[in-house]
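Peer 1: Chains as they are written, first to last, in my numbering: chain A, 1 to 272; chain B, 273 to 535.
One structure is given below, represented as structure tokens, and several questions about it will come after.
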């Protein structure tokens with residue numbers, strides 16, 4: 001048995017430094033695109049989940065009590081219950097968003113990545129081009145789509161919690177000044193919510209960087225895939241893994257520190 | 273029944289929760305005229321705040337109507353109304369448009385903590401009314417000057433005392449040039465020594481002829497500044513009259529009981 005880690009092995013894998021460099025660039029790009037897709041998706045999902053869209057309400061009003069019974073409340077007012085009443089309260093947007101979030105959160109990322117790559121992108125043909133000489137377009141795009149869809153589900157819940165943590169009085173004050181609902185969200189709720197959830201978002205960004213390693217299973221040539229390539233060529237495993245560990249740490253640690261800095265700057269309004 | 277200077281006519285206003293199990297408002301009818309300083313008093317849980325919040329539809333009533341400036345704002349549909357020349361025209365009720373004509377001041381101030389005082393005051397005029405930023409700031413500063421807070425324009429809300437916050441909240445609402453100001457227990461969350469400074473601002477407004485609806489526990493204010501006093505209990509309007517009528521010659525036993533406890 002040789003030593004666990006041998007220094008000369010590092011010099012043996014040194015010729016593959018370029019491969020690690022390309023892997024690093026791929027991982028960074030993968031994470032950046034994922035963050036953008038995930039965040040936009042999450043915002044849409046969060047707004048869908050909190051919307052007040054009840055397209056069947058008119059049915060319940062038009063045919064009161066048809067599929068149910070009239071009830072009289074204690075004031076003697078007619079109220080209905082039954083099928084149409086519940087259909088009237090049904091919000092399809094919120095239902096779709098909730099279903100999406102729950103399904104994506106309850107299945108492994110590796111399965112989602114495989115389904116997107118082997119399923120969706122076997123129907124949608126992508127051109128087999130390489131960008132910058134080492135990014136395979138037809139692997140990269142399914143990778144960011146799958147990761148973006150996954151982190152969208154997690155970020156949705158973070159954003160929703162953030163929005164709901166804002167005191168209802170804020171929205172009431174904005175609406176009483178005449179601001180529309182969209183303006184209230186844009187100028188009053190979201191800026192405050194974003195500040196509150198920044199630590200959770202930072203956490204999610206770091207998770208995305210680390211989770212992007214899973215895309216090597218569909219042939220995205222990121223850091224993890226360089227590890228495998230070097231192992232295949234040199235039969236050295238431990239040292240390439242250490243290099244990968246170092247690279248991932250150098251990506252994740254500064255990211256969380258950067259967001260902590262932004263968080264401090266954004267909390268100006270909190271200090272006396 | 274609506275007199276010429278009647279601004280808001282509230283008719284049989286109801287707000288029921290849980291299918292009528294809880295009646296926060298159970299048929300309130302009242303006319304608010306221009307220039308009125310209407311003070312609403314009553315024990316807690318009597319529906320005072322619900323009544324006030326219904327006026328700009330922060331609470332959606334479950335029954336009755338509110339006609340503001342000739343438009344029934346409780347109806348979200350197209351509505352036929354008579355315009356000033358007596359012609360019948362169809363208008364769509366836009367609640368945002370009506371809310372900007374009603375300034376509201378809350379118990380807990382509800383200033384926007386992520387904005388400076390100046391930004392708090394200019395946001396709505398700029399975004400809703402389309403006033404230029406420079407013009408909005410000029411107006412905001414003159415309003416701040418009026419309540420003695422011009423030098424705090426660049427501060428954030430958390431840097432102000434409760435009384436200062438509430439004064440800012442009042443002028444923030446005034447910046448939209450509302451036709452009526454609604455006050456929801458504006459001094460209830462303040463330390464006793466700060467109540468006076470807020471009441472003084474409100475008194476000044478009343479003297480300028482601003483139409484005001486004030487829910488308060490400050491009986492001194494009701495007596496001195498109010499032009500009409502409403503007494504509410506259990507979601508009902510039990511007695512209405514001038515401050516002298518209400519405080520010197522109370523009729524309803526509930527009002528007598530209430531006054532004996534608070535005075």
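Note that CB positions come from ideal geometry on N, CA and C, so glycine has one too.
None of these values were measured; they are calculated from a predicted model.
Report the residue from 174/A, 180/A, 221/A, 161/A whose alpha carbon sits nearest the alpha carbon of residue 130/A.
Peer 2: In the first chain, the residue the question calls residue 130/A occupies position 130. Nearest option by C-alpha distance: 221/A.
Peer 1: Can you give the Cα-Cα distance for residue 274/B and residue 311/B, rounded to whole angstroms?
Peer 2: Numbered from 1 along the second chain, position 2 holds the residue referred to as residue 274/B. Numbered from 1 along the second chain, position 39 holds the residue referred to as residue 311/B. Here residue 274/B scores only 49 on pLDDT, less than 50, and its place in the model should not be relied on; the value that follows carries that caveat. Cα-Cα distance, rounded: 20 Å.
Peer 1: Quick one: measure Cβ to Cβ for residue 327/B and residue 454/B, integer angstroms, because I've assumed they're closer than 8 Å.
Peer 2: What you label residue 327/B is simply residue 55 of the second chain in a count that begins at 1. What you label residue 454/B is simply residue 182 of the second chain in a count that begins at 1. Residue 327/B to residue 454/B, Cβ: 6 Å. Contact.
Peer 1: Quick check: what's the CA-CA separation for residue 427/B versus residue 466/B?
Peer 2: For the purposes of this step, residue 427/B is identified with residue 155 of the second chain, where counting begins at 1. For the purposes of this step, residue 466/B is identified with residue 194 of the second chain, where counting begins at 1. Roughly 19 Å between the two C-alpha positions.
Peer 1: Indicate the three-state DSSP secondary structure (helix, strand or coil) for residue 242/A in the structure shown.
Peer 2: The residue given as residue 242/A occupies position 242 in the first chain. Three-state result, residue 242/A: helix.
Peer 1: Compute the Euclidean distance between the alpha carbons of residue 533/B and residue 515/B, then round it to the nearest angstrom.
Peer 2: Here residue 533/B refers to the residue found at position 261 when the second chain is read from its first residue. Here residue 515/B refers to the residue found at position 243 when the second chain is read from its first residue. Rounded to the nearest angstrom, the two C-alpha atoms are 17 Å apart.
Peer 1: So, using beta-carbon positions, are residue 447/B and residue 393/B closer together than 8 Å?
Peer 2: Residue 447/B sits at position 175 when you count from the first residue of the second chain. Residue 393/B sits at position 121 when you count from the first residue of the second chain. Closer than 8 Å, so yes.
Peer 1: Is there contact here, the stretch 128-142 of chain A with the stretch 195-214 of chain A, by at least three beta-carbon pairs under 8 Å?
Peer 2: No: the two stretches stay apart, fewer than three of their Cβ pairs being nearer than 8 Å.
Peer 1: In chain order, what residues of the same chain have a beta carbon less than 6 Å from the beta carbon of residue 251/A, not counting five sequence neighbours either side?
Peer 2: By one-based count along the first chain, residue 251/A stands at place 251. Excluding residues within five positions, the ones whose Cβ falls inside 6 Å are 209.
Peer 1: Give a yes or no on whether the minimum CB-CB distance between residue 371/B and chain A is below 8 Å.
Peer 2: Taking the first residue of the second chain as position 1, residue 371/B is located at position 99. Yes, residue 371/B counts as interfacial toward chain A.
Peer 1: Thinking C-alpha only, which one of 47/A, 8/A, 36/A is nearest residue 184/A?
Peer 2: For the purposes of this step, residue 184/A is identified with residue 184 of the first chain, where counting begins at 1. It is 47/A.
Peer 1: Measuring only the C-alpha atoms, how far is residue 135/A from residue 150/A?
Peer 2: Here residue 135/A is taken as the residue at index 135 of the first chain, counted from 1. Here residue 150/A is taken as the residue at index 150 of the first chain, counted from 1. Spanning the two alpha carbons is a distance of roughly 22 Å.
Peer 1: Starting from the beta carbon of residue 179/A, find every residue of chain B whose beta carbon is closer than 9 Å, and list them in chain order.
Peer 2: In the first chain, residue 179/A corresponds to position 179, counting from 1. Neighbours of residue 179/A on chain B, chain order: 368, 371, 372, 395, 396, 399, 400.
Peer 1: Under a CB-based cut-off of 8 Å, is residue 272/A close to chain B?
Peer 2: For the purposes of this step, residue 272/A is taken as the residue at position 272 of the first chain. Since pLDDT at residue 272/A reaches only 47, below the 50 mark, its modelled position is unreliable, and the value read off the structure follows with that caveat. Yes, contact with chain B.
Peer 1: Is any beta-carbon of chain A found at less than 8 Å from that of residue 421/B?
Peer 2: On the second chain, residue 421/B is found 149 positions in, with the first residue counted as 1. No, because no Cβ of chain A sits closer than 8 Å to the Cβ of residue 421/B.
Peer 1: With three or more beta-carbon pairs closer than 8 Å as the criterion, would you say the stretch 1-15 of chain A touches the stretch 239-255 of chain A?
Peer 2: With a cut-off of 8 Å, the stretch 239-255 of chain A and the stretch 1-15 of chain A count as touching, because enough Cβ pairs lie within range.
Peer 1: Can you list the residues of chain A that residue 458/B reaches, using a CB-CB cut of under 9 Å?
Peer 2: Numbered from 1 along the second chain, position 186 holds the residue referred to as residue 458/B. Chain A residues near residue 458/B: none, gap ~13 Å exceeds 9 Å.
Peer 1: Is residue 395/B near residue 367/B, with beta carbons less than 8 Å apart?
Peer 2: On the second chain, residue 395/B is found 123 positions in, with the first residue counted as 1. On the second chain, residue 367/B is found 95 positions in, with the first residue counted as 1. No, these two residues do not count as a Cβ contact at 8 Å.
Peer 1: Does the stretch 333-348 of chain B come into contact with the stretch 370-382 of chain B, if we say contact requires no fewer than three beta-carbon pairs (one atom in each stretch) closer than 8 Å?
Peer 2: Touching, yes.
Peer 1: Can you check which of these residues, 233/A, 257/A, 227/A, is closest to residue 245/A by C-alpha distance?
Peer 2: In the first chain, counting from the first residue as 1, residue 245/A sits at position 245. Considering only alpha carbons, the answer is 227/A.
Peer 1: In whole angstroms, give me the CA-to-CA distance for residue 164/A and residue 39/A.
Peer 2: Reading the first chain from its first residue, position 164 is the one you call residue 164/A. Reading the first chain from its first residue, position 39 is the one you call residue 39/A. Cα-Cα distance, rounded: 17 Å.
Peer 1: Checking 8 Å against the spacing of the C-beta atoms, do residue 513/B and residue 501/B come in under that value?
Peer 2: If you number the second chain from 1, residue 513/B lands on position 241. If you number the second chain from 1, residue 501/B lands on position 229. Yes; because the gap between Cβ atoms is below 8 Å, this pair is in contact.
Peer 1: Identify, in the order they occur along the chain, each residue of the same chain with its Cβ nearer than 6 Å to the Cβ of residue 451/B, setting aside the five sequence neighbours on each side.
Peer 2: Position 179 of the second chain, counting from 1, holds the residue named residue 451/B. If we look at residue 451/B and ignore the five residues flanking it on each side, its Cβ neighbours are 373.
Peer 1: Per DSSP, residue 324/B forms a beta bridge with which residues?
Peer 2: By one-based count along the second chain, residue 324/B stands at place 52. DSSP output for residue 324/B lists no bridge partner at all.
Peer 1: Note down the Cα distance separating residue 439/B from residue 413/B, rounded to an integer number of angstroms.
Peer 2: Start at 1 with the first residue of the second chain, and residue 439/B comes out as number 167. Start at 1 with the first residue of the second chain, and residue 413/B comes out as number 141. When rounded, the distance between both Cα atoms is 13 Å.
Peer 1: How would you list, in chain order, the residues of chain B whose beta-carbon sits under 9 Å from the beta-carbon of residue 16/A?
Peer 2: Here residue 16/A corresponds to residue number 16 of the first chain, with the count starting at 1. Chain B residues near residue 16/A: none, gap ~49 Å exceeds 9 Å.
Peer 1: Which residues, in chain order, does the stretch 188-214 of chain A contribute to contact with chain B at a C-beta distance below 9 Å?
Peer 2: Here the close residues are 188, 191, 192, 195.
Peer 1: Could you check whether the Cβ of residue 330/B sits closer than 8 Å to any Cβ belonging to chain A?
Peer 2: Locating residue 330/B in the second chain gives position 58, where the first residue counts as 1. True, the Cβ-Cβ gap to chain A drops below 8 Å.
Peer 1: So, is the C-beta of residue 175/A closer than 8 Å to a C-beta in chain B?
Peer 2: Position 175 of the first chain, counted from the start, is the residue given in the question as residue 175/A. For residue 175/A, the answer is yes, since a Cβ of chain B falls inside 8 Å of its Cβ.
Peer 1: Beta carbons nearer than 8 Å to chain B: which residues of the stretch 146-166 of chain A have them?
Peer 2: Residues: none.
Peer 1: Are the beta-carbon atoms belonging to residue 87/A and residue 56/A less than 8 Å from one another?
Peer 2: Within the first chain, the letter at position 87 stands for residue 87/A. Within the first chain, the letter at position 56 stands for residue 56/A. Cβ distance < 8 Å, so residue 87/A and residue 56/A count as in contact.
Peer 1: Do you know offhand how far residue 309/B's Cα is from residue 406/B's?
Peer 2: Indexing the second chain from 1 puts residue 309/B at position 37. Indexing the second chain from 1 puts residue 406/B at position 134. Their backbone Cα atoms lie some 33 Å apart in a straight line.
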